[in-house]
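K.L.:
Following my numbering, the numbering of the sequence shown begins with 420 at its first residue and continues without gaps.
Beta carbons are placed, not taken as given, at the ideal position from N, Cα and C, and that holds for glycine.
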Amino acid sequence: MFNFRFGKTTGIMSNVHVKIDLSFQQLTDIVKQLSPSEKLKLNDVIWDEKMDVPAEHRKIVLERIKKSRQNPGRMVDWNKASRTLKP
420 MFNFRFGKTT GIMSNVHVKI DLSFQQLTDI VKQLSPSEKL KLNDVIWDEK MDVPAEHRKI
480 VLERIKKSRQ NPGRMVDWNK ASRTLKP
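#1: Looking at the structure shown, is Lys-507 part of a helix, part of a strand, or coil, going by DSSP?
#2: Which of helix, strand or coil does DSSP assign to Val-464?
#3: With a threshold of 7 Å on Cβ separation, who are the neighbours of Lys-469 within its own chain once the five nearest residues in sequence on each side are excluded?
#4: Looking only at C-alpha atoms, which of Val-464, Ile-465 and Leu-481 sits nearest to Val-472?
#5: Taking the continuous alpha helix (DSSP H) assigned at Gln-489, which residues delimit it?
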């Protein structure tokens, strides 16, 4: 079951609560019917959350960026690397 809540959009309506019983597959099928621009809008809504990245994770990423800049030859093309991954 998915619960959707829409906030105040006009001076008339304050809140709308909609409960829709859908399986994940049904939801996926519905999303596939959206236009590309609608999918982008949906993506923006889904990811419009402030996500705190732990300092330790930021440190790891920054260290990896630094290493890749110091030695660009250690980087592998994604297409080549993905072929070596197990399914």
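P.N.:
This is what the structure gives:
#1: Absent from the model: residue 507. The displayed extent of the chain is 420 to 506, so no value can be given.
#2: helix
#3: none
#4: Leu-481
#5: 474-489
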